[in-house]
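Q: So the sequence shown is residues -19 to -1, 1 to 192, counted in mature numbering (1 follows the signal peptide of the UniProt record, and there is no 0).
Every residue, glycine too, gets a C-beta built ideally from N, C-alpha and C.
None of the values given here were measured: they were computed from a predicted structure.
Before we start, here is the structure in question, set down as structure tokens.
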Amino acid sequence: MRFAAAALTFASFASVAQAHFRLLFPEPRGLFVADKEPEFCGGYTNAVSNRSEFPLTGGFFTIRSGHPSWTAGVLLSTVENPSNFGDFNVSGQQQFARYYSSEPNAGTFCIPLDLSQSGISGLQDGSNVTIQIVFTGGDGNLYQCADLTLRTTTNITSGQTCSNQTESGHNSGNGTTSGNAPSQAGAALSLQGPAFASLLLGLGGVVAALL
């Protein structure tokens, strides 16, 4: 089981955080609502009935960040219908499918997510799981979830483009440059190991330290 050494305090925010992001792939639990992103699973507490199939090996997820200098990690729950942050914990510790990684640029990023290498027990063909992307751009934690069914034999990602595109402005689509798809070693982002989790959050979800 993989756990982060850094402690996160989950909190909601009354205002819209500027460091917004969108989960583009796999399909998120619900429609994007900016002012709900500081809440559990972006404001959606129930799993969807039509889960997306996702490869157990060699998978990836794609997000768009409207803010530079951001950090993101991926929690995983094996609970059939995770409805709160505690459902992503095991023995009181957060269960990470991918530790926190940092990126200095805004843009669209394809990030490796090989669940077969996560060290999480019980993942197999047909497993129903939920991933929760935890994102911060310096204004607090934002969340989006995707409800998945894991597969070992189907080419789930066929037709999905895995590429990176950085943006020169804070929220601008101008001045973009294309990048190659990241390797499974995590070349897209600066990956932080369990002893170097990128952020420590204090009360209210405000960033207390950025390692």
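Are the region 39 to 53 and the region 14 to 29 touching by the rule of at least three beta carbon pairs closer than 8 Å?
A: No, the region 39 to 53 does not touch the region 14 to 29.
Q: Is the CB-CB distance between L56 and Q113 below 8 Å?
A: The answer is yes: Cβ separation under 8 Å.
Q: Rounded to whole angstroms, what is the Cα-Cα separation between F69 and S58?
A: Approximately 5 Å between the Cα atoms of the pair.
Q: Out of G40, E148, P9, F41, which has the shortest C-alpha to C-alpha gap to T26?
A: The residue with the shortest Cα to Cα distance from T26 is P9.
Q: For C143, write down the residues that DSSP places opposite it in a beta bridge.
A: For C143, which the question treats as bridged, DSSP gives no partner whatsoever.
Q: For the beta strand (DSSP E) that contains L131, what are its first and last residues?
A: From DSSP, the beta strand (DSSP E) with L131 extends over 122 to 132.
Q: Which value, in whole angstroms, describes the spacing of the CA atoms of Q146 and D128?
A: So the alpha carbons of these two residues sit roughly 26 Å apart.
Q: Sort N62, G100, R132 by Cα distance to S108 and report the nearest one.
A: If we check each option's Cα against that of S108, R132 comes out closest.
Q: For S58, report the span of its beta strand (DSSP E) as first-last.
A: Segment 51 to 58, the beta strand (DSSP E) holding S58.
Q: In whole angstroms, what is the alpha-carbon distance linking P63 and V29?
A: The straight-line gap from Cα to Cα measures roughly 11 Å.
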